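S.K.:
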Amino acid sequence: MATKYLDLTFTDSVRRAQQQYYGRAGVITGAPERDPLSQAEAEFIAARDSFYLGSISESGWPYIQHRGGTQGFLRVIDDTTLAFADYKGNRQLLTTGNVSVNDRVALFLMDYKNRARLKILGHARVEDARFHPELVAQIADSNMRSSVERLVFIDIVSFDWNCPKYITPRYSIGEVEELAEPLRKRIAELEAQLRAYSK
């Protein structure tokens with residue numbers, strides 16, 4: 695478990711709640727300035743085709759949006775930096791506006807199939823893609839580069855893994871097709887055998 699994550703999230707009010715409900719409060723000491731990603735986190739991130747991104751508005755309200763793309767569209771630049779291309783969308787630009795005044799963000803990455811989740815805290819910055827064609831070429835999917843409007847960089851402060859409890863397994867269409875393919879082949883074999891016996 696990354697110590698800095700708990701150092702940041704175990705606030706006084708959280709510790710009071712822990713004391714009230716469990717009779718003890720978490721005490722975090724010796725947290726580093728940041729927790730860099732290990733190979734396990736980097737591989738988990740690279741395997742995702744979506745994540746949820748939370749930011750905070752000027753009025754103090756949290757905002758969460760879903761981001762999706764091809765597997766690995768959230769790029770691990772190095773052990774403390776993530777980036778993704780932001781494409782043309784509904785033109786609300788809520789996250790873009792939010793991080794311009796408060797750069798703190800939270801990412802929530804789910805692997806429903808394997809019942810795993812990774813939470814990341816960091817600072818985000820948004821760059822106008824028109825002024826950084828070299829970064830667009832590095833970060834964006836080659837088939838989507840013409841639709842990139844912004845590039846989002848996240849300076850990671852820390853992360854935390856959650857237990858699999860209460861995660862309902864879900865599967866993408868591709869994963870279902872992969873699981874069903876051997877069954878289809880076996881059904882085809884049995885049907886061929888039935889046809890041969892009936893002749």
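For the sequence shown, position 143 matches number 837 in my numbering, and the numbering has no gaps at all. Backbone N, C-alpha and C define an ideal beta-carbon position, used for all residues, glycine too. Here the structure is a predicted model, which is why all the values come from computation and not from measurement.
1) So Gly-816 and Val-799 are supposed to be a Cβ contact under 8 Å. How far apart are they, rounded?
2) Among the candidates Asn-808, Ser-744, Lys-813, Thr-790, whose CA atom is the shortest distance from the CA of Leu-731?
3) Is Ala-882 buried or exposed, if buried means 16 or more other CB atoms sit within 10 Å of its CB?
4) Let me check you understand the geometry: is the CB of Leu-731 closer than 7 Å to at least one non-hydrogen atom of the ligand SAM?
5) Do you know offhand how far Thr-775's Cα is from Tyr-716's?
6) May I ask which residues mark the beginning and end of the beta strand (DSSP E) holding Leu-803?
7) Are at least three pairs of beta-carbons, each pair with one atom in the region 741-752 and one in the region 762-778, less than 8 Å apart?
8) Determine the contact status of Lys-807 and Pro-858, defining contact as a CB-CB distance below 8 Å.
9) Can you find the residues in the same chain that come closer than 7 Å, C-beta to C-beta, to Asp-822, ignoring five residues on each side of it along the sequence?
10) Considering only the alpha carbon of each residue, which of Asn-856, Asp-773, Asp-797 lies closest to Ile-750?
11) So what does DSSP say about Asn-856, is it helix, strand or coil?
12) Select from His-826, Tyr-865, Ala-696 the residue whose C-alpha is nearest the C-alpha of Arg-809.
13) State the start and end residues of the unbroken alpha helix (DSSP H) segment that holds Leu-812.
14) Would Lys-893 be called buried (16 or more neighbouring beta carbons within 10 Å of its own) or exposed?
M.R.: Once the coordinates are examined:
1) At roughly 6 Å, the Cβ-Cβ gap stays under 8 Å, so Gly-816 and Val-799 are in contact.
2) Measuring C-alpha to C-alpha distances from Leu-731 to each of Asn-808, Ser-744, Lys-813, Thr-790 identifies Lys-813 as the nearest.
3) By the 16-neighbour rule on beta-carbons within 10 angstroms, Ala-882 is exposed.
4) In terms of ligand content, the structure shown is empty, and the ligand SAM therefore cannot be addressed.
5) If I take the Cα positions, the gap works out to 36 Å.
6) Looking at the DSSP string, the run of the beta strand (DSSP E) that includes Leu-803 is 798-805.
7) When Cβ pairs closer than 8 Å are counted between the two stretches, the region 741-752 is seen to touch the region 762-778, the count reaching three or more.
8) Contact: no.
9) The answer, listed in chain order, is Arg-844.
10) Closest in alpha carbon position to Ile-750, among Asn-856, Asp-773, Asp-797, is Asp-797.
11) Asn-856 carries a strand assignment under DSSP once its states are collapsed to helix, strand and coil.
12) When only C-alpha atoms are compared, the closest one is Tyr-865.
13) Counting along the chain, Leu-812 falls outside any alpha helix (DSSP H), though it belongs to the beta strand (DSSP E) covering 810-822.
14) Exposed, since its Cβ has fewer than 16 Cβ neighbours within 10 Å.
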